[in-house]
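Novice: Numbering (this note's numbering), first residue to last: 314 to 376. The beta-carbon is built from N, C-alpha and C at its ideal position, and this holds for glycine as well. Fair warning: this is a prediction, and the values are worked out from it, not measured in the lab.
1. Please classify residue 316: does DSSP put it in a helix, a strand, or coil?
2. May I ask you to report which of helix, strand or coil DSSP gives residue 335?
3. Could you name the residues that DSSP lists as bridge partners for residue 327?
4. Are the CB atoms of residue 345 and residue 333 nearer to each other than 7 Å?
5. Nearest by alpha-carbon distance to residue 368: which of 328, 349 and 322 is it?
This is the structure in structure tokens:
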């Protein structure tokens, strides 16, 4: 289950690619580093705010 000890932290926001998403982390030292196959790790306090900033189906461009 999602939570502070889970590798994806307390929030998961999936993308159109299966298994790829924006999420929190249980290891803040990995934020900003290439540690996965495409996921974007956020601090849990930022991750928990993300759903309030996006509506379902919103287009997000990542550069």
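Specialist: In terms of the structure at hand:
1. coil
2. strand
3. BP columns for residue 327 point to 334.
4. no
5. For the residues 328, 349 and 322, the minimum Cα distance to residue 368 belongs to 328.
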